[in-house]
Structure formats: C-alpha cells, structure tokens
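The listed protein sequences correspond, in order, to chains A and B. Here the first sequence is numbered in the working numbering, starting from 1 and rising by one per residue. Here the second sequence is numbered in the working numbering, starting from 1001 and rising by one per residue. Here is the structure we will look at.
Number of protein chains: 2
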Amino acid sequence: MNDNRPIGVFDSGLGGLTVYKALKEALPDESFVYLGDTARLPYGTKSAETVTQYALQAARRLVEEDIKLLVVACNTASAQALPGLKKALPELPCFGVIEPGARAAAEASSSGHIVVLATEGTVRSEAYPKHIQQYNPQARVHSLACNLLVALVEEGWHEGPEAEAVVSRYFQMLNGVSFDALVLGCTHFPLLKETIRKFLPAETKLVDSATTTAKAVKDYLNGSGKFKKSPRKEEDRFLVTDAPERFRRLAKRFLPGANISAVEQVDPVISR
Amino acid sequence: MNDNRPIGVFDSGLGGLTVYKALKEALPDESFVYLGDTARLPYGTKSAETVTQYALQAARRLVEEDIKLLVVACNTASAQALPGLKKALPELPCFGVIEPGARAAAEASSSGHIVVLATEGTVRSEAYPKHIQQYNPQARVHSLACNLLVALVEEGWHEGPEAEAVVSRYFQMLNGVSFDALVLGCTHFPLLKETIRKFLPAETKLVDSATTTAKAVKDYLNGSGKFKKSPRKEEDRFLVTDAPERFRRLAKRFLPGANISAVEQVDPVISR
C-alpha cells in the first residue's frame, strides 16, 4: 500500500512555496517535485480558459515525473482550473487550496462575516464564497481583488511604509464592513501577514490555506495508506518554465533558510 | 510609392498604448493594428529567450494582418528581442522604443548623468546604457529596476500616497546620485509622470520614448514614401491573446477619452 512516488506541487510561480513549506512540515518523509510556471506568471489577471490551459499543461508535465498526487498550490488556478484538471486527469488525485481555506475560514468566523483578499481571477470565479457557504450557508463573504500585493511581495517589500500605504488603501475599499475572519486568498499574501495585522483588531482571525491544505493531503495519505515507506533521502526538485536563476533568488523570500540549489528549466508547452 | 497597409504595434499588454497614442498623433492618416500579448504579460520579469520567442510569435501574427512596418511598443521586448526579430523577419521594417528614447535622453542631458527607470529585463539587457553611449560616449547611466510601478499603473493608482511611497523608495535606492535627465524606460511609466515629478528638481528632464519613436517612424515613412495615400476611414484594430474585456476596461487608463470598442482575441502561438 505504500507509495514512494513524489508529491507534485504546482503554482504559477513562487507563491506556491508557502504551501510547499506547510506540506513539508506536515509530511517530512515525503518527496516533492515543484513546478513554477514562471514563463506565464502571474495567473491572477488572466482568463479562466487560459489559466485552465496552462494548469493542464503543468499537471501533464508533473505526471511525467510520476507523481502520486497533485497539489495546485495557487489560488487562481485552484479557483479556475481544478474541475478541468480533475476531468482531464481522472486517475490523478488533485488537491486545490481554496476548499481547505474556505473550510478554515468558515470555522474561524463566529459572525459569518468574512473578507477574502485575492487576485482578480480568484475573486471573479467566486470560488471562496461558494465553498465557504457550503460550510456556513449564512456566511456573508466580501471579496477584494488586490493584484498589487503580489507585486509588492515579489519586490520583497512586504513590510514598511509602502506596504502599509497599499494595504491601507485596499482596506479603505471595504467601506467599513465588519468581519471577524480574513482569508489570505493568494499564496503570496501570508508574507504580508505582519503588515495586514496592523490594520485589524487583535481578535480578527487570519486564515491562510497552506496549513489546512497540507492537512487535507495528510488525511488523504492516511486514508489511502499511500505514505512514502522509507524516510526521505533525495532532495526535492524544482522545475520552472523560465528564468531559473530568478526563481532561486526570489525563493529565499518564501523559504528563508532553505537551500534551493538545483532549479531545472522545462518547456511549458507539453501538449496543445 | 504610397502604401495603404496598416502599421503594426506590439506590446506585452497595455503599456504600448502610450506609444500607439503618440503614433496616432504624429500620423493621423495611418491605420493601426495593435497586438497585446495579454496571455503572457508581463515581459519585464522574464528571460531574454522567452521574451524573444513571444515577440516573434506576436510579430508573425501581425505579419498575417499585412502590416507595412512593426513598432515594438514595449521596452523589455525592444531591449531583448529586436535583433532576433530583425533577423527572423528581414523584409519587415522594425522599430523599437529604446533607441529613440536613448537618443532623446542623450540630447536632454547636459551633464551626461542619466537615470533610467525600467523593468528588470530591460535593466538586465543594458540596452539603454549601450544606446545612450552611442550618442554620448561620456554619459554615465544609472539603471533602476522598478517592477512594482507596472502593477501600480495597472491598478490605476498612479497618483496618491501609495504611488508616492513606492516611487520615493525607488528614488532612495539611487543613494543620492546626481542626474539631470530621467528616462521613463517602460511604457507604463509615463502615467506616473506627475508623481515622479514631485521627487525631482524642476530642471530635471523627463524623457519617454513614445514621442521620439513616433518621430522615427514618421521619418522612415517620409524617407521611403510609404505613407498611406488616402485619409484614414477604417477603425484601428486591437488584438489580444487573452481577456479582451479586461483590455477594453484598462485601456481607458492609457487612452482617456478614446473609444476602443472592438477587441478581438487571437491565439498567441502561431508557430513554434
């Protein structure tokens, strides 16, 4: 019943490393192959059709690496492409980050008033409100597209007066709506946690999908028995569709202290 | 000798509309076909190889529209892909935005000390220093990668405290270097002109490539006689590789008052 094959993790670029980190902490013996679609990032401003096409190409590339399951570690791709992925690759267990995040948000909120900060594409998909209301049909979800926060994190400016000015303006756009839970609905946003905290009452719960997604994957491995048999020895692999050097450099922002030595470049277009 | 075919204008997305606007003002009788590669934007953080591949696909798509010349209205693509384009399409006259901008900067600066604000890819290419030094071999060019300014403009936040905080931090990174000309080395940046002005002495010259590029194209048409014969009647066409509705909506930021009604979606990959 054991399964020594690696877990595939896919993101448009770097943000998925926050999910990868949580997966490694929850599943220290497993091996991982991470694919960042850096030739086409970001996904947050692109259409559902295009994001689905890109995600499917990435998933097929990871299937070539003989993965046992796929984690779509990108909110936009989870929101827009997960049904398409499951349909195209019915044999491959696929986990997105939206459903676990939505569940955690529904559980964290007492009032049912929840704010979701996400990309334009995730907001447009309405995936968070739909999934949150599965757990709490009375929930009222306010979604806010915050594309600029992605660029802010990639520039490494997650703290300081610029980050505060930008976050402050986004919060002003909520027009004083009250809420007791806030979803960091993009894998870049956990890096802005400290800055976001400054604008919220201490009792507001901050929810990110990384930990709950890792838990969902662990539960699946528990249920299916598909754990890796032997403790991990091999290094995790990192594949990107463009600019491996840039990935290596920026990965340090998402994984402080981690040693990402080998980043391989692969062709983004596997099948069309 | 007249040539009634349209002029092709290509950009990774929306920024090239600032160049399109200058072209229309300089050449009011000409017809234009604009292609924005919105499925793969932005180019500023991608490798020279990938940008060259994308630019070549876009140029070939515009050749199918029977254009008489091509304007690469994107600094990153001009910096990284222009030699490759000219080699692959030797029959097609190609104009980039770097060379005209570099010439304008060299002429605007008395001291020879020039700052270039650009994307990461444009800075890495060193295209501005190289071209500026063709006109003034003594010039000292300080380049600064400002990726976040692109996202700021696309969010529509080109004025206000957030824009000022971000611009201020970039200027701090210049460590007090003195200069008397500043190049807006990305087609998004002219929209930030008012904000950037606030941080500079009144005598500092701001240079953008749009007007000088339009002049270079006009000079070519004068020299070759390939002007359009009859005054324009047909509407300009706008092609995008993804999300036409988003393009139509955001285009208003770049072309206030313009009526961009029909935006057509086309396949980004023409040949591989």
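Cβ atoms here follow ideal geometry from the backbone N, Cα and C, with glycine treated the same way.
Using C-beta distances below 7 Å, list every residue in its chain close to K1275/B, excluding the 5 sequence neighbours before and after it, in chain order. For residue 1275/B there is no data in the structure shown, the boundaries of chain B being 1001 and 1272.
Between I1270/B and chain A, is any beta-carbon pair separated by less than 8 Å? What you label residue 1270/B is simply residue 270 of the second sequence in a count that begins at 1. Here the model assigns I1270/B a pLDDT of 48, short of 50, so the residue's position is not dependable, and the following value carries that caveat. No, I1270/B lies away from the interface with chain A (no Cβ there is under 8 Å from its Cβ).
Contact set between A79/A and chain B, taken where Cβ atoms lie within less than 7 Å: Position 79 of the first sequence, counted from the start, is the residue given in the question as residue 79/A. Correct list: empty, because the minimum Cβ distance to chain B is about 15 Å.
Nearest by alpha-carbon distance to L1174/B: which of E1065/B, V1141/B, C1186/B and R1197/B is it? By one-based count along the second sequence, residue 1174/B stands at place 174. It is V1141/B.
Report the partner residues of Q1265/B according to the DSSP bridge assignment. Residue 1265/B sits at position 265 when you count from the first residue of the second sequence. Beta-bridge pairing links Q1265/B to V1240/B.
Within 10 angstroms of its Cβ, does D1267/B collect 16 or more other Cβ (buried), or is it exposed? Position 267 of the second sequence, counted from the start, is the residue given in the question as residue 1267/B. So D1267/B ends up on the exposed side.
Can you list, in chain order, the residues of its chain with a C-beta nearer than 8 Å to that of L1144/B? Leave out the 5 residues immediately preceding and following it. As a first step, residue 1144/B must be located in the second sequence, where it is residue number 144. Within the same chain, L1144/B has close Cβ partners V1115, V1116, L1117, A1118, V1123, Y1170, M1173 and L1174.
Span separating the alpha-carbon of V183/A from that of A39/A: Mapped onto the first sequence, residue 183/A falls at position 183. Mapped onto the first sequence, residue 39/A falls at position 39. Looking at the backbone, the Cα of V183/A and that of A39/A are separated by about 28 Å.
Is it a yes or a no for the segment 66 to 74 of chain A touching the segment 88 to 100 of chain A, going by three-plus beta-carbon pairs under 8 Å? yes
Cα-Cα separation, A1104/B to L1017/B: Numbered from its first residue, the second sequence carries residue 1104/B at position 104. Numbered from its first residue, the second sequence carries residue 1017/B at position 17. Answer to the nearest angstrom: the Cα atoms are 20 Å apart.
Would you verify that the beta carbon of N1175/B is, or is not, closer than 8 Å to some beta carbon of chain A? In the second sequence, counting from the first residue as 1, residue 1175/B sits at position 175. Answer no: the Cβ-Cβ gap between N1175/B and chain A never drops below 8 Å.
Using a beta-carbon distance below 8 Å, is D1242/B in contact with chain A? Mapped onto the second sequence, residue 1242/B falls at position 242. It does; some Cβ of chain A falls within 8 Å.
Taking contact to mean 3 or more Cβ pairs, one atom from each stretch, closer than 8 Å, check whether the segment 149 to 157 of chain A and the segment 180 to 195 of chain A are in contact. yes
Would you list the one or two residues that DSSP bridges to H142/A? Taking the first residue of the first sequence as 1, we reach residue 142/A at position 142. According to DSSP, which records beta bridges pairwise, H142/A is partnered with V115/A.
Checking the sheet assignment: what are the DSSP bridge partners for A70/A? Counting from 1 along the first sequence, the entry for residue 70/A is found at position 70. The displayed chain sequence assigns Leu, not Ala, to residue 70/A. G8/A and C94/A.
Start-to-end residues for the beta strand (DSSP E) that takes in D1208/B: Along the second sequence, one-based indexing puts residue 1208/B at 208. Segment K1205 to D1208, the beta strand (DSSP E) holding D1208/B.
Can you pull the chain B residues whose beta carbon is under 9 Å from the beta carbon of N147/A, in chain order? Against the first sequence, residue 147/A aligns to sequence position 147. Here the neighbours are A1151, E1154 and E1155.
Is T50/A close to chain B? Criterion is C-beta to C-beta, closer than 8 Å. To locate residue 50/A, count along the first sequence from 1; it is residue 50. Yes, T50/A counts as interfacial toward chain B.
Considering Y1034/B, what are the terminal residues of the alpha helix (DSSP H) in which it resides? For this step, residue 1034/B is matched to residue 34 along the second sequence. Where Y1034/B is concerned, there is no enclosing alpha helix (DSSP H), although the beta strand (DSSP E) it sits in stretches over F1032 to G1036.
Pick helix, strand or coil for V1183/B, following the three-state DSSP scheme. In the second sequence, the residue the question calls residue 1183/B occupies position 183. V1183/B: strand per DSSP, three-state reduction.
Hey, how far is the Cα of Y1135/B from the Cα of H1113/B? As a working mapping, residue 1135/B is identified with position 135 in the second sequence. As a working mapping, residue 1113/B is identified with position 113 in the second sequence. So the two alpha carbons sit approximately 13 Å from each other.
Does the Cβ-Cβ distance between L1014/B and F1238/B come in under 8 Å? One-based indexing of the second sequence puts residue 1014/B at position 14. One-based indexing of the second sequence puts residue 1238/B at position 238. In this structure, F1238/B does not lie closer than 8 Å to L1014/B by Cβ.
Please look up how many angstroms separate the CB atoms of I302/A and V97/A, rounded, as I've assumed it's under 8 Å. Nothing can be reported for residue 302/A: it is not among the residues displayed for chain A, which extend from 1 to 272.
Through-space distance from S209/A to F227/A, alpha-carbon basis: Working through the first sequence from its first residue, we reach residue 227/A at position 227. Working through the first sequence from its first residue, we reach residue 209/A at position 209. Answer to the nearest angstrom: the Cα atoms are 22 Å apart.
Which value, in whole angstroms, describes the spacing of the CA atoms of S178/A and S109/A? Mapped onto the first sequence, residue 178/A falls at position 178. Mapped onto the first sequence, residue 109/A falls at position 109. S178/A and S109/A: Cα-Cα distance of roughly 12 Å.
Per-residue contacts from V1166/B into chain A (C-beta, under 7 Å): Counting from 1 along the second sequence, the entry for residue 1166/B is found at position 166. Listed by position along chain A, the residues whose Cβ is nearer than 7 Å to that of V1166/B are E162.
Quick check: what's the CA-CA separation for S31/A versus A262/A? Position 31 of the first sequence, counted from the start, is the residue given in the question as residue 31/A. Position 262 of the first sequence, counted from the start, is the residue given in the question as residue 262/A. Roughly 15 Å separates the two Cα atoms.
Which value, in whole angstroms, describes the spacing of the CA atoms of Y43/A and Q53/A? By one-based count along the first sequence, residue 43/A stands at place 43. By one-based count along the first sequence, residue 53/A stands at place 53. Their backbone Cα atoms lie some 11 Å apart in a straight line.
is_contact[T18/A, chain B] using C-beta, thresh 8 Å: The sequence position of residue 18/A within the first sequence is 18, counting from 1. Not an interface residue.
Check V1153/B in the structure and name its three-state DSSP category. To locate residue 1153/B, count along the second sequence from 1; it is residue 153. It is helical.
So, helix, strand or coil for D29/A, using DSSP? Your numbering for residue 29/A matches position 29 in the first sequence. Assigned with DSSP and collapsed to three states, D29/A falls in coil, not helix or strand.
In the DSSP assignment, the alpha helix (DSSP H) including A1058/B goes from what residue to what residue? In the second sequence, residue 1058/B corresponds to position 58, counting from 1. Segment A1048 to V1063, the alpha helix (DSSP H) holding A1058/B.
Under the three-state reduction of DSSP, which class applies to R40/A: helix, strand or coil? What you label residue 40/A is simply residue 40 of the first sequence in a count that begins at 1. Here R40/A sits in coil by DSSP.
What would DSSP say about T18/A, mapped onto helix, strand or coil? Walking along the first sequence from the start, residue 18/A turns up at place 18. Reduced to three states, the DSSP call for T18/A is helix.
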